[in-house]
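Protein chains in written order, with this note's numbering: chain A, 117 to 543; chain B, 189 to 492.
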Amino acid sequence: MNYLIHNVEIIDKHSEFNRQRKSILIENGVITQISDISPTQSTDHLTVISGQNLQISVGWFDMRASFCDPGFEYKETLTTGCNAAQAGGFTEVAVLPNTQPVIQTKNELAYLKSHNLRHLVQIYPIAAVSVNAEGKELTEMLDLHTHGAVAFSDGIQPVWHSDILVKTLQYLQKFDGLLINRPEDLMLTRFGTMNEGVSSTMLGLKGMPALAEEMMIRRDLDFLAYAGGKIHFSAISSARSVQLIRAAKAQGLQVSCDVAAHQIAIDDAALMSFDSFLKVNPPFRGKADIEALLEGLQDGTIDVVVSDHRPQDEESKNLEFDLAEFGALGLETAFGVLNTFGKKHLSLEDKIDKLTFRPRQILNLPQAHIKVGEEANLTLFDAQQEWTVETKYIQSKSKNSPFLGTTLTGKPVAVFSGAQTNWQEKN
Amino acid sequence: MRHLLGIKDISKNDIERIFEMASHFKDVINRPIKKVPSLRDITIANVFFENSTRTKLSFELAEKRLSADVVNFSASGSSVKKGETLLDTVNNILAMKVDMVVMRHSSVGAAHYLSKRVNARIVNAGDGTHEHPTQALLDSFSVNEKLGGVAGKKVVIVGDILHSRVALSNIFAFQKLGAEVMVCGPITLLPKYIESLGVKVELDVQKALEWCDVANVLRIQLERQQIKYFPSLREYSLYYGIDKARLERLDKEITIMHPGPINRGIELSSDVADSDHAIILDQVENGVAVRMAVLYLLAEGIKP
Numbered sequence: 117m118n119y120l121i122h123n124v125e126i127i128d129k130h131s132e133f134n135r136q137r138k139s140i141l142i143e144n145g146v147i148t149q150i151s152d153i154s155p156t157q158s159t160d161h162l163t164v165i166s167g168q169n170l171q172i173s174v175g176w177f178d179m180r181a182s183f184c185d186p187g188f189e190y191k192e193t194l195t196t197g198c199n200a201a202q203a204g205g206f207t208e209v210a211v212l213p214n215t216q217p218v219i220q221t222k223n224e225l226a227y228l229k230s231h232n233l234r235h236l237v238q239i240y241p242i243a244a245v246s247v248n249a250e251g252k253e254l255t256e257m258l259d260l261h262t263h264g265a266v267a268f269s270d271g272i273q274p275v276w277h278s279d280i281l282v283k284t285l286q287y288l289q290k291f292d293g294l295l296i297n298r299p300e301d302l303m304l305t306r307f308g309t310m311n312e313g314v315s316s317t318m319l320g321l322k323g324m325p326a327l328a329e330e331m332m333i334r335r336d337l338d339f340l341a342y343a344g345g346k347i348h349f350s351a352i353s354s355a356r357s358v359q360l361i362r363a364a365k366a367q368g369l370q371v372s373c374d375v376a377a378h379q380i381a382i383d384d385a386a387l388m389s390f391d392s393f394l395k396v397n398p399p400f401r402g403k404a405d406i407e408a409l410l411e412g413l414q415d416g417t418i419d420v421v422v423s424d425h426r427p428q429d430e431e432s433k434n435l436e437f438d439l440a441e442f443g444a445l446g447l448e449t450a451f452g453v454l455n456t457f458g459k460k461h462l463s464l465e466d467k468i469d470k471l472t473f474r475p476r477q478i479l480n481l482p483q484a485h486i487k488v489g490e491e492a493n494l495t496l497f498d499a500q501q502e503w504t505v506e507t508k509y510i511q512s513k514s515k516n517s518p519f520l521g522t523t524l525t526g527k528p529v530a531v532f533s534g535a536q537t538n539w540q541e542k543n
Numbered sequence: 189m190r191h192l193l194g195i196k197d198i199s200k201n202d203i204e205r206i207f208e209m210a211s212h213f214k215d216v217i218n219r220p221i222k223k224v225p226s227l228r229d230i231t232i233a234n235v236f237f238e239n240s241t242r243t244k245l246s247f248e249l250a251e252k253r254l255s256a257d258v259v260n261f262s263a264s265g266s267s268v269k270k271g272e273t274l275l276d277t278v279n280n281i282l283a284m285k286v287d288m289v290v291m292r293h294s295s296v297g298a299a300h301y302l303s304k305r306v307n308a309r310i311v312n313a314g315d316g317t318h319e320h321p322t323q324a325l326l327d328s329f330s331v332n333e334k335l336g337g338v339a340g341k342k343v344v345i346v347g348d349i350l351h352s353r354v355a356l357s358n359i360f361a362f363q364k365l366g367a368e369v370m371v372c373g374p375i376t377l378l379p380k381y382i383e384s385l386g387v388k389v390e391l392d393v394q395k396a397l398e399w400c401d402v403a404n405v406l407r408i409q410l411e412r413q414q415i416k417y418f419p420s421l422r423e424y425s426l427y428y429g430i431d432k433a434r435l436e437r438l439d440k441e442i443t444i445m446h447p448g449p450i451n452r453g454i455e456l457s458s459d460v461a462d463s464d465h466a467i468i469l470d471q472v473e474n475g476v477a478v479r480m481a482v483l484y485l486l487a488e489g490i491k492p
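Next up, the structure:
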């Protein structure tokens, strides 16, 4: 099947076509024409899609998602995770290694990658830094790199062990590999269930101080200066974290970072309702932190926006607040949330840049382009469409979205990856 | 009021209405016939997922003196965690046609959780380190009774503020009634942002006693501390325990309260606990009257 996406606005700050309305012809999975042509008649071999009111960019890339498979298939499988990604406009997803078993040998990598033959959405495995992500013993990172690990991280666990961290930073330099760390001092967040602040005081809940994140960023930056290599801080959440990373970048350290889309939308006052769908780690912080995160996105301190998709089944969430698991769905709402809550701080092309060019650049992956001769890797979306998040639309196997009932502006319409697409004619 | 989940969620008017009813019920329970038929045909389940002796006894007496039908369920939090969920347990009890649930649970927000999911009146008898509203009501009622009012009085809460649901409910209740509230204890047992609730903070117990009209002394609850917050009970009792000598150094009389059970010789010495300063047993007596008032007011909507 061939597609003509007619009169669509291209959003790509790295392209000469940025903000131009064009018609894009995709034949056998390859972009063959980008022109001002008017639509030809729809034939058996050509589907014409009206791009009126729509935008198109290169396919979106998520750098932080949990697909729970193998091991926790009752929360998410590779297929339901990819379905959720596709519904959220993502063509590629880097998945965290915190499965059962942990992604730490070429066998697990092969399992994840084999799914890529069966789905439009392509999985890029992040392999564990330490055996079982316990932070005590290094995995075979050279071999994992050879067999397709796109980066190294203990995922939802911080690399807490100082020596392991230093050795990882050193070891990865052989192939310019990337360490992704989730900064959290586990001693300071022990027994915590939400941000430490006024709200946690009123609720009598043990807080997780922002200090626990900031201390680890400081520590890791010192280790980076000592050992060399490069580090990416994932899911940062506090104002001081942004400051620390901004300063480190100014000093020329090889550091990058991302923020979860939900982190710029919700503050800890929302926890007064004891809604366990709002229980996430890092926890929702204060309003000043949100403002600082937005400023960090604006000035480029924060490179990437991630979904931090973490599915939890009903039995893990429909519990007393302190017993409920951490995590929120993110893939299907990431763009809508970023577009809605990042409206004042970011242009549309800057938002898209943080979902496309920047993650691929940080992971050292080939960039996608809207260019004649390129294989299609495209996301078609409507940046103006208002929609309300409802359980019935959720493609993920779990339903733990913190945005149920929230109206967002901006919705993906379809993705194209080579000859595959999820485009459907609306009746 | 549909439920009593926390003092945070009720108004000054609600508290005053409860006090009014509690005074009435206090008269009732001091009569030769202590029982009234107010809650006849109302079934109340006391569901306690955490150990309790006095609160459970107090609620049960309050219920029986109002002529309610009473059933009791006790389980430790951990055994429930392994097996049946909280929602399933309570739904099972409600399927037997229970109108009200009095619940104590080790999880913060458990009463709120339940109130959104089951069709019964919920009374929070303590949810983890969050609130213990009937304790705060009986404490403020007792101060009101002893000092002839709460507004303008100075109340210090001494001890483990971090792990105490009594402290948080007391802060909200006394503030709503117009009292000034101070907290005092080792700084590791004070929540970092406690001043944001509008309370004063004092680390020296003698200075706190000099400031206050009422000292509400909390039980040191080692069982609720997951890690060590102070070096030893010995040091705690030396520097934060209240004994006769401390009180004698004051140039005024203050009222001593304690929610019980007392660790004698740790937070309170016996000569203070048994002195005329202490209104600890009045608190216990008022507890029954206050709980009768709460149950009575909540039941108003369900009675045919």
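Glycine is no exception: its CB is placed at the ideal position from the N, C-alpha and C atoms.
Contact set between residue i and chain A, taken where Cβ atoms lie within less than 7 Å
| i | result |
| --- | --- |
| P167(B) | The structure shown does not extend to residue 167(B), since chain B is modelled only from 189 to 492, so the question has no answer here. |
| L274(B) | E436 |
| F384(B) | Here the sequence assigns Ser to residue 384(B), which means Phe is not the residue at that position. The answer, in chain order, is V314, T317. |
| H446(B) | Simply none; closest approach about 20 Å. |
Option nearest residue i by Cα separation, candidates the options
| i | options | result |
| --- | --- | --- |
| S353(A) | L337(A), Q370(A), I333(A), G521(A) | I333(A) |
| T317(B) | L325(B), D327(B), V296(B), N332(B) | V296(B) |
| V306(B) | A461(B), Q323(B), I281(B), S294(B) | I281(B) |
| G453(B) | E473(B), Y424(B), G475(B), D439(B) | Y424(B) |
| S352(B) | A324(B), G340(B), E333(B), V338(B) | A324(B) |
| E143(A) | R335(A), V164(A), A364(A) | V164(A) |
| R180(A) | G197(A), S166(A), L340(A) | G197(A) |
| S512(A) | L471(A), T504(A), G446(A) | G446(A) |
| R253(B) | L456(B), A481(B), L486(B), A339(B) | A481(B) |
| G521(A) | I510(A), K346(A), V124(A) | I510(A) |
| V531(A) | L494(A), L360(A), D384(A) | L494(A) |
| A461(B) | V402(B), E208(B), I430(B) | I430(B) |
Where residue i meets chain A, residues with beta-carbon distance less than 9 Å
| i | result |
| --- | --- |
| V389(B) | Those within 9 Å of V389(B) in chain A number zero; the least Cβ separation is about 12 Å. |
Cross-chain neighbours of residue i in chain B, by beta carbon under 9 Å
| i | result |
| --- | --- |
| E312(A) | P379, K380, Y381 |
CB of residue i within 9 Å of CB of residue j, strictly
| i | j | result |
| --- | --- | --- |
| S533(A) | V237(A) | yes |
| K403(A) | T309(A) | no |
| S372(A) | V420(A) | yes |
| N312(B) | L385(B) | no |
| N279(B) | V344(B) | no |
| I136(B) | L397(B) | The structure shown has nothing for residue 136(B), since chain B only spans 189 to 492. |
| L212(A) | G264(A) | no |
| W399(B) | M370(B) | yes |
| Y220(A) | A243(A) | Looking at the sequence shown, residue 220(A) is not Tyr but Gln. Yes; because the gap between Cβ atoms is below 9 Å, this pair is in contact. |
| R434(B) | V393(B) | yes |
| V289(B) | L302(B) | yes |
| A250(B) | R407(B) | no |
| F519(A) | W176(A) | no |
| N297(A) | S350(A) | yes |
| S328(B) | I198(B) | no |
| R401(A) | D383(A) | yes |
Within chain B, partners of residue i - CB distance below 7 Å
| i | result |
| --- | --- |
| F548(A) | The requested residue 548(A) is not part of the displayed model; chain A covers only 117 to 543. |
Partners in chain A for residue i, counting only beta-carbon separations shorter than 8 Å
| i | result |
| --- | --- |
| H293(B) | E436 |
| K196(B) | M318 |
| message | Can you pull out the residues from the region 316-335 of chain B whose beta carbon lies closer than 8 Å to at least one beta carbon of chain A? | response | G316, T317, H318, E319
| said: Taking beta-carbon pairs under 8 Å, can you tell me which members of the region 437-448 of chain A lie near chain B? | reply: F437, D438, L439
| field | Positions along the region 321-335 of chain A whose CB lies within less than 9 Å of some CB in chain B | value | L321, K322, G323, P325
| query | When Cβ atoms are compared, which residues of the region 351-362 of chain B fall closer than 7 Å to chain A? | reply | R353, L356
| query | Which full runs of the alpha helix (DSSP H) of 4+ residues lie inside the region 225-284 of chain A, going along the chain? | reply | Here the runs fully enclosed are 257-262.
| task | Could you pull out every unbroken alpha helix (DSSP H) segment of at least 4 residues lying fully inside the region 148-220 of chain A, listed in chain order? | result | 194-203
| Inside the region 362-419 of chain B only - alpha helix (DSSP H) runs reaching at least 4 residues | Here the runs fully enclosed are 393-399.
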